[in-house]
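J.: Note that our numbering has the sequence shown beginning at 285, numbered continuously upward.
Yeah, the Cβ is synthetic: ideal placement off N, Cα and C, and Gly gets one too.
Before I ask anything, here is the structure I am working with.
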Amino acid sequence: MDVSFLNVFLHILNTLKCGLISVKYNRMNYFSSNFKLGILGGGQLGKMLLNDTRKFDIYTSVLDASKDAPCKIASNEFHLGDLMDYDKVYNFGKQVDVLTIEIENVNVDALEALEKEGIKVYPASKTLRTIQNKAKQKLFYVDNGLPTAPFSRFAYTSEIKEAVNNGGLQLPFVWKSAQFGYDGTGVKIVKTIQDLEELPNVECIAETLVPFKNELAVIVARNASGETKSFPVVEMEFHPEANQVEYVICPARISEVVAKRAEAIALATSKAFNHVGLLAVEMFQTQDDTILINEVAPRPHNSGHHTIESSYTSQFEQHLRAILDLPLGNTDSKVGGVMVNLVGAEGYTGNVIYQNIEAIMEMEGVTPHIYGKKQTRPFRKMGHVTIVNANLGEARRIAEDVKNTIKVISE
């Protein structure tokens, strides 16, 4: 074959290939255009997502119930409205091209109606219906052969006492409200019958108490074209009283075998949901290294905040890439990272003060993130601090210093 003809043929083939890639990913011009991204929820997750929409010059519109929501300062449009109100969510969604969330507690009926009218909604209403209810979420794992701790489902908390008395349920167990739980709210370890008296009489599950040695998480990203990538497994250390994440450590201090097992389960979970966007999969590593799914979040997640400083692509940029069906970014870590949550100190309620923040900013590799909430209260998430260091043990040591130094108090 003539060499010049072959070169021309290969050039044409490459041009066609590039064109197909362009068509696959860029069905719409998102950047510096009339495209509008809608975000339901105006909290800190949305605020950090907006850092990347501003970087890419993507026009954003946010709906939240609070006039003081952290997102207000950074969005192009800010609208007041109850996220559980059908009309508010529906009318808001009609004004945008793609709709996403930063909190799960939104009106799913409105999202379903918007989908039927051609609005792209990520995560899908079907996924949110399942995830919003912890009983349905647990049944989803069972139906799809995904490993999770044994559980019993109850229409009301009051039914649990009878189940215990009849021997159908063994103490201790973990009580979880089926709906509207967050940041440790709606979860309690029940050790005695008397512990049930303190709980609301709502739909709930009673889950076997897992004797775990680590709590792990993997964030999976998937775009509409089916491209999937996962971030490295992280290890989470929880506050013993508030049941909130206190430290996130990346990479998790576990064996490669366990890490690959956790990653495989997270990927299988994302696939089962046919999810588009980010899916954070929280898991237990048991004493015999079995991996069990605890729960999932279909959005950017606390366990991925460290990626802003420690990864090539942050979880927030990756969420945008996924929901806009763009090529997914590199999820590798550039350096070891530890994240410390900043929560309101016990005994303080009112106008917030970040005591000793100057002292932590003098520490090596420390970056504070302040969420913009003017009022603090005990255990309210007010910010986080990322510590990066080539030596993960040193990063964890500095994280302890940060935790012991900065205090979130009030005037």
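What are the boundary residues of the alpha helix (DSSP H) that includes M647?
T.: Working through the sequence shown from its first residue, we reach residue 647 at position 363. No alpha helix (DSSP H) holds M647; DSSP gives it neither H nor E.
J.: Evaluate contact between the stretch 596-605 and the stretch 429-443, counting only Cβ atoms and requiring at least three cross-stretch pairs below 8 Å.
T.: Segments in contact, no.
J.: How far does the beta strand (DSSP E) with T570 in it reach, from first residue to last?
T.: To locate residue 570, count along the sequence shown from 1; it is residue 286. Taken as a continuous stretch (DSSP letters only), the beta strand (DSSP E) holding T570 covers G561 to T570.
J.: Taking all protein chains shown into account, decide if S359 is buried (16 or more other Cβ within 10 angstroms of its Cβ) or exposed.
T.: What you label residue 359 is simply residue 75 of the sequence shown in a count that begins at 1. With 16 or more Cβ atoms within 10 Å of its Cβ, S359 is classed as buried.
J.: Work out the CA separation of V622 and F557 for me, nearest whole Å.
T.: In the sequence shown, residue 557 corresponds to position 273, counting from 1. In the sequence shown, residue 622 corresponds to position 338, counting from 1. Cα to Cα, the separation comes out at about 29 Å.
J.: Can you list, in chain order, the residues of its chain with a C-beta nearer than 8 Å to that of E630? Leave out the 5 residues immediately preceding and following it.
T.: Position 346 of the sequence shown holds residue 630. P662 and F663, listed in sequence order.
J.: Please determine, among G327, H559 and V518, the residue with the shortest C-alpha to C-alpha distance to S539.
T.: Taking the first residue of the sequence shown as position 1, residue 539 is located at position 255. S539 has its Cα closest to that of V518, out of G327, H559 and V518.
J.: My output table needs one value for G377: the three-state DSSP class, helix, strand or coil.
T.: Sequence index remark: in the sequence shown, residue 377 carries index 93 (1-based). Three-state result, G377: helix.
J.: If you check the beta carbons only, do L367 and L395 fall under 8 Å apart?
T.: By one-based count along the sequence shown, residue 367 stands at place 83. By one-based count along the sequence shown, residue 395 stands at place 111. No, the pair does not count as a contact, with Cβ atoms beyond the cut-off.
J.: With DSSP collapsed to three states, give me the class of L412.
T.: Within the sequence shown, numbered from 1, the residue matching residue 412 stands at position 128. Three-state result, L412: helix.
J.: Taking the alpha-carbon of T337 as reference, which of A564, Y425 and R605 has the nearest alpha-carbon?
T.: Indexing the sequence shown from 1 puts residue 337 at position 53. When each option's Cα is compared against that of T337, the closest is R605.
J.: Around the Cβ of V426, are there at least 16 other Cβ atoms within 10 angstroms (buried) or fewer (exposed)?
T.: For this step, residue 426 is matched to residue 142 along the sequence shown. Counting Cβ neighbours within 10 Å, V426 comes out exposed, since fewer than 16 surround it.
J.: What residue ranges within the stretch 327-365 form continuous beta strand (DSSP E) runs of no fewer than 3 residues, ordered along the chain?
T.: Counting whole runs of 3 or more residues, the stretch 327-365 contains the beta strand (DSSP E) stretches 343-348 and 361-364.
J.: Between the Cα of G656 and those of G667, G588, E646 and A564, spot the shortest distance and give me the residue it belongs to.
T.: Translated into positions along the sequence shown, residue 656 becomes position 372. Closest by alpha carbon: G667.
J.: Using the beta-carbon count (16 or more within 10 Å), is T432 buried or exposed?
T.: What you label residue 432 is simply residue 148 of the sequence shown in a count that begins at 1. Classification for T432: buried.
J.: State the DSSP-derived secondary structure class of S694, mapped to helix, strand or coil.
T.: Sequence index remark: in the sequence shown, residue 694 carries index 410 (1-based). In this structure, S694 counts as strand in the three-state DSSP scheme.
J.: Taking just the CA atoms, how far does A536 sit from A550?
T.: On the sequence shown, residue 550 is found 266 positions in, with the first residue counted as 1. On the sequence shown, residue 536 is found 252 positions in, with the first residue counted as 1. Cα-Cα distance, rounded: 15 Å.
J.: Classify A581: buried if its beta carbon has 16 or more other beta carbons within 10 angstroms, exposed otherwise.
T.: Along the sequence shown, one-based indexing puts residue 581 at 297. When all chains shown are included, A581 counts as buried.
J.: Residues in the same chain with beta-carbon distance under 8 Å from I305, minus the five sequence neighbours each way, listed in chain order, please.
T.: Translated into the one-based positions of the sequence shown, residue 305 becomes position 21. Only weak support exists for where I305 lies, its pLDDT of 45 falling under 50; the value from the coordinates is given anyway. Counting only Cβ-Cβ distances below 8 Å, and skipping sequence neighbours, we find nothing.
J.: Would you call the stretch 685-692 and the stretch 637-644 in contact, with 3 or more CB pairs under 8 Å?
T.: Taking 8 Å as the limit for Cβ pairs, the verdict is that the stretch 637-644 does touch the stretch 685-692.
J.: Is it the case that the stretch 319-328 contacts the stretch 384-393, given that we only count it when at least three CB pairs across the two stretches are under 8 Å?
T.: The stretch 384-393 is in contact with the stretch 319-328.
J.: Does the stretch 401-412 touch the stretch 567-585, meaning 3 or more C-beta pairs lie closer than 8 Å?
T.: Enough Cβ pairs lie closer than 8 Å, so yes.
J.: Using a Cβ-Cβ cutoff of less than 7 Å, which residues in the same chain neighbour G677 once the five nearest sequence positions on both sides are dropped?
T.: Position 393 of the sequence shown, counting from 1, holds the residue named residue 677. Closer than 7 Å at Cβ, skipping near neighbours: no residue.
J.: Can you give me the Cβ contacts of A683 inside the same chain, cut-off strictly under 7 Å, excluding the 5 residues immediately before and after it?
T.: Sequence index remark: in the sequence shown, residue 683 carries index 399 (1-based). So the list reads Y531, V622, V624 and I671, once near-sequence residues are dropped.
J.: I'd like the list of long-range same chain contacts for E361, defined as Cβ closer than 6 Å, with 5 residues on each side in sequence excluded.
T.: Walking along the sequence shown from the start, residue 361 turns up at place 77. Closer than 6 Å at the Cβ level, and outside the excluded window around E361, lie S345.
J.: Apart from the five residues just before and just after V565, which ones in its own chain have a Cβ nearer than 6 Å to its Cβ?
T.: Taking the first residue of the sequence shown as 1, we reach residue 565 at position 281. If we look at V565 and ignore the five residues flanking it on each side, its Cβ neighbours are V502, A550, T553 and V580.
J.: Nearest by alpha-carbon distance to V560: which of P434, I607 and F522 is it?
T.: What you label residue 560 is simply residue 276 of the sequence shown in a count that begins at 1. For V560, the nearest C-alpha among the options comes from I607.
J.: Which residues in the same chain have their Cβ closer than 7 Å to the Cβ of V494, if we skip the five residues on either side of it in sequence?
T.: Sequence index remark: in the sequence shown, residue 494 carries index 210 (1-based). Answer for V494: A433, F568, T570 and L576, listed in chain order.
J.: Let me check understanding here. Comparing Cα to Cα, which of E388, H363 and N485 lies closest to G377?
T.: As a working note, residue 377 is residue 93 in the sequence shown. Minimum Cα distance to G377 is reached at H363.
J.: For a quick check, are the C-beta atoms of A543 and V619 less than 8 Å apart?
T.: Start at 1 with the first residue of the sequence shown, and residue 543 comes out as number 259. Start at 1 with the first residue of the sequence shown, and residue 619 comes out as number 335. Contact: no.
J.: Could you give the uninterrupted runs of the beta strand (DSSP E) lying entirely in the stretch 549-635, keeping only those of 3 residues or more?
T.: DSSP runs (the beta strand (DSSP E)) wholly in the stretch 549-635: 561-570, 575-581 and 620-627.
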